[in-house]
Amino acid sequence: MKFDGRFGRFGGAYVPEILVPALEQLEAAFIEAQQDPGFAAELGDLLSTYAGRPTPLTRCRNLSRGKTRIYLKREDLLHGGAHKTNQVLAQALLARRMGKTRLIAETGAGQHGVATAIAGALFGLETCIYMGADDVERQQLNVFRMQLMGATVVPVTTGGRTLKDAVNEALRDWTASFETSHYLLGTVAGPHPFPLMVREYQRVIGKEAREQILGIEGRLPDAVIACVGGGSNAIGLFSDFIGDEKVALIGVEAAGKGLSGREHGATILKGRPGILHGAETLVLQDADGQIDDTWSVSAGLDYPAVGPEHAFLKESGRAEYVGVTDDQALAAFVALARGEGILGAFESCHALAHALQLARAGEDRIILVNLSGRGDKDVAQAQTLLGDRERNAA
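End of the sequence shown = 429 in this note's numbering, gap-free, step of one.
See below:
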């Protein structure tokens, strides 16, 4: 391949030999497309006339505190309900360019699965989505959306029955079918060129946000905040602010039921260097090096590894990573609904929860939060969790 796919010591392409030709073909197609004005024009047209870009920047009128202004980058308003649509359209164009007839994808919360199903329907490609059996139960609405658009959803019952296991099955499928199938990986993880490619297709978020906040406030934000599972929405937001050293980059991981136990998804805060799904990165492992199960109320953050560029940003000190518990995220979900009339995805509400904590001081500062997805998919789960809380309090 032309590039080694490294971010510092992290990244690379640790795959079975049989998949090397598929990755080489993908890297070549990506590089060629990046230099093709026709590809950029077609993707730009799809993003504006089909997906609904640019997405707005919304100031929180009631959740801002004192002189602190909180702004939301509204990826929840994108067609499909999440930032996932940005890079899925781009990868589907690449799949067509490579002559592939079938898309394979994995999904946790279902947002990437829905986006892939949208692209499959739009481009007339057979689409197969792998999803952990527990996530299928948690995200029935998104499962139905995928099926309605013609995708086959395969529940994965092995391992922890969540996103990690869905990725395993998707990779097995791709190993047997890469001559006709494109693995449309959903985040900035996996072997090169996926972390680089997905970042480039998601950086539209940061580009727009930078221009918009300069237009509204006349200066850059003090902090940009995004949730981190695999890390695609966060890298998308961070990318155009990395060179601005006065802008704090804050990634928020799922602290689940608390960082002192093992029921969390805080890979950067609690992980160790290791190799998972084709990349060297930070991985949650037990004392013997086996991959730990994870926990989060949010299916999209329930992953034991993280994109290698996040591992590099942490190690280099350019970005800060913090943890937010299930209870804190649920409280932010309710606060956003009641305070601003917006239903945010559980994933995004992890980022919002940290922003609300920072805003309590009321200092003169601007905080920009990526609202990476809408919360319709989480309403039934929220209803159950809030009902349980009321019953326990009675």
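Where a beta carbon is used, it is the ideal one built from N, C-alpha and C, also for glycine.
Per DSSP, which one or two residues make a beta bridge with residue i?
i       : result
His-217 : Leu-138
Ile-402 : Ile-105, Ala-258
Ile-310 : Glu-315
Ala-117 : Gly-408
Ile-248 : DSSP output for Ile-248 lists no bridge partner at all.
Glu-161 : Arg-137
Met-166 : Thr-142, Pro-190
Ile-153 : DSSP, once it has assigned bridges, lists no residue as partnering Ile-153.
Ile-326 : Gln-320
Using the rule of at least 16 other Cβ atoms within 10 Å of the residue's Cβ for burial, across every protein chain shown, is residue i buried or exposed?
i       : result
Pro-339 : buried
Leu-98  : buried
Arg-196 : buried
Val-369 : exposed
Asn-427 : exposed
Gly-167 : buried
Ile-251 : exposed
Tyr-356 : buried
Glu-382 : buried
Ser-267 : buried
Gln-146 : buried
Glu-52  : exposed
Asp-413 : buried
Gly-115 : buried
Val-55  : exposed
Lys-37  : exposed
Glu-375 : buried
Asp-279 : exposed
Thr-84  : exposed
Pro-72  : exposed
My understanding is that residue i touches residue j, with C-beta atoms under 8 Å, so please give their C-beta distance in whole angstroms.
i       : j       : result
Leu-160 : Ala-127 : 7 Å
Ala-186 : Ile-164 : 5 Å
Gly-313 : Gly-225 : 5 Å
Val-239 : Gly-265 : The pair is not a contact, with the Cβ atoms about 18 Å apart (cut-off 8 Å).
Arg-245 : Phe-213 : Actually they are not in contact, since the Cβ atoms of Arg-245 and Phe-213 sit about 37 Å apart, beyond 8 Å.
Gln-416 : Arg-173 : 6 Å
Gly-241 : Lys-119 : Between Lys-119 and Gly-241 the Cβ distance is about 16 Å, and since that is not below 8 Å, they are no contact.
Leu-124 : Ala-154 : 6 Å
Ser-351 : Gly-43  : 7 Å
What is the DSSP secondary structure of residue i, reduced to helix, strand or coil?
i       : result
Gln-320 : strand
Ala-186 : coil
Tyr-356 : strand
Cys-384 : helix
Thr-192 : coil
Glu-298 : coil
Phe-45  : strand
Ile-240 : helix
Arg-94  : strand
Arg-424 : helix
Glu-375 : helix
Val-287 : strand
Arg-280 : Inspection of the sequence shows that residue 280 is occupied by Glu rather than by Arg. Three-state result, Glu-280: coil.
Arg-100 : strand
Ala-340 : strand
Phe-65  : helix
Phe-368 : helix
Asp-361 : helix
Thr-84  : helix
Do residue i and residue j have their C-beta atoms within less than 8 Å of each other?
i       : j       : result
Ile-303 : Lys-349 : yes
Leu-272 : Lys-108 : yes
Gln-122 : Val-263 : no
Leu-387 : Asp-411 : no
Ala-269 : Ala-258 : no
Ile-139 : Tyr-236 : no
Leu-78  : Pro-228 : no
Leu-336 : His-385 : yes
Ala-380 : Asp-170 : no
Gly-397 : Thr-151 : no
Ala-57  : Thr-142 : no
Leu-113 : Gly-87  : yes
Gly-358 : Ala-290 : yes
Glu-288 : Pro-89  : no
Leu-403 : Ile-248 : yes
Ala-364 : Val-332 : yes
Lys-281 : Thr-215 : no
Arg-395 : Arg-180 : no
Phe-65  : Pro-343 : no
Glu-204 : Val-188 : no
Val-341 : Thr-316 : yes
Ile-285 : Tyr-106 : no
Lys-305 : Trp-330 : no
Ala-117 : Gly-300 : no
Arg-297 : Asp-327 : yes
Met-184 : Ala-156 : yes
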